[in-house]
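18 is the number of the first residue of the sequence shown in our numbering; add one for each residue after it.
Take a look at the structure below.
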Amino acid sequence: MSRPLSEASQRCVVLLSGGLDSATTLAIARASGFACHCLSVDYGQRHRSELRAAAAVAEALAASEHRVLRLHLEDFGGSALTDETVALPVNGLRPGVPATYVPARNTVMLSLALAWAEVLRSQDVFIGVNAVDYSGYPDCRPEFIAAFERLANLATKATVEGSPLRIHAPLIDLSKAQIIRRGLDLGLDYSLTVSCYQADAAGRACGVCDSCRLRRAGFAAAGVVDPTPYTR
Numbered sequence: 018m019s020r021p022l023s024e025a026s027q028r029c030v031v032l033l034s035g036g037l038d039s040a041t042t043l044a045i046a047r048a049s050g051f052a053c054h055c056l057s058v059d060y061g062q063r064h065r066s067e068l069r070a071a072a073a074v075a076e077a078l079a080a081s082e083h084r085v086l087r088l089h090l091e092d093f094g095g096s097a098l099t100d101e102t103v104a105l106p107v108n109g110l111r112p113g114v115p116a117t118y119v120p121a122r123n124t125v126m127l128s129l130a131l132a133w134a135e136v137l138r139s140q141d142v143f144i145g146v147n148a149v150d151y152s153g154y155p156d157c158r159p160e161f162i163a164a165f166e167r168l169a170n171l172a173t174k175a176t177v178e179g180s181p182l183r184i185h186a187p188l189i190d191l192s193k194a195q196i197i198r199r200g201l202d203l204g205l206d207y208s209l210t211v212s213c214y215q216a217d218a219a220g221r222a223c224g225v226c227d228s229c230r231l232r233r234a235g236f237a238a239a240g241v242v243d244p245t246p247y248t249r
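So this is what it looks like as structure tokens:
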């Protein structure tokens, strides 16, 4: 059911990376009637073209606002996405937590989204985490989302005053193919998105990193054309 957009209570914050999952999450939030305030985080990641994709997606889906917040998680390193001395895995998905895991990334990003939501007097934060076709990140699990929501509802002035916060993870139990079909049903143009961990400046995907493999397999399973420009 669509919601009216005039009241502050109908605003939401959407964490928007520029990738396939977060773009689909924005499309879902918008279709649910929320006025979407999109937050992207420049955390020193290799795939900087992802941030340009986020801006394009926010514009295409008529977001109320799009902000990019700069953090320096590369100062800590500890991930193949923030430390160029750590090799990106390109030989297929393996069991366990991969080198592309960024320590505490979703905890940090949800905390930032929570802060902005409180300023906006919003009770809703959307995040595109997925626990089915994903790379093994511990902060993409349903238990984490539920725990963070409990934390959020203990941590803020808004909740103390009677405005509980909801963390929406609408993709959490969907396969990549189901996510893609949902986005297409909502009119999302996936050619605007960038998922590759080492996409070049033009947004062309490597085709061999974990994220590219999951994306390719998802489009194949969905039975639709993959619009991604791969270099191999």
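Backbone N, C-alpha and C define an ideal beta-carbon position, used for all residues, glycine too.
Secondary structure note for residue 201: its alpha helix (DSSP H) is the uninterrupted segment 193–202.
Across the set 215, 186, 135, the C-alpha of 135 shows the shortest separation from the C-alpha of residue 170. Secondary structure of residue 136 (DSSP, three-state): helix.
Within its own chain, the residues whose Cβ lies closer than 7 angstroms to the Cβ of residue 53, once the five positions on either side in sequence are excluded, are 29, 31, 43, 46, 47, 80, 81, listed in chain order.
In the three-state reduction of the DSSP assignment, residue 219 falls in the coil class, being assigned neither a helical nor a strand state. Annotation: residue 101 is outside any beta strand (DSSP E) and is labelled neither H nor E by DSSP.
Its Cα nearest to that of residue 83, the residue 40 stands out among 62, 111, 248, 40.
Positions of the beta strand (DSSP E) runs, each at least 3 residues long and wholly inside the region 39–126, are given as 52–59, 82–87 in order along the chain. The C-beta distance from residue 103 to residue 96 rounds to 7 angstroms, short enough to meet the 8 angstroms contact threshold. Close CB contacts of residue 70 within its chain, under the 7 angstroms cut and outside five residues either way in sequence, are with 35, 209, 210, 211, 220 (chain order).
For residue 141, the uninterrupted beta strand (DSSP E) run begins and ends at 141–143, by DSSP. Spatial neighbours of residue 248 in its own chain (CB-CB distance under 8 angstroms, excluding positions within 5 residues in sequence) are listed in chain order as 217, 221, 222, 223, 224. Cα atoms of residue 177 and residue 245: separation of roughly 45 angstroms, rounded to the nearest angstrom.
Going by DSSP, residue 171 is part of the alpha helix (DSSP H) stretching over 159–172. Residue 229: member of the alpha helix (DSSP H) spanning 227–239, first to last residue. As far as DSSP is concerned, residue 211 takes part in no beta bridge.
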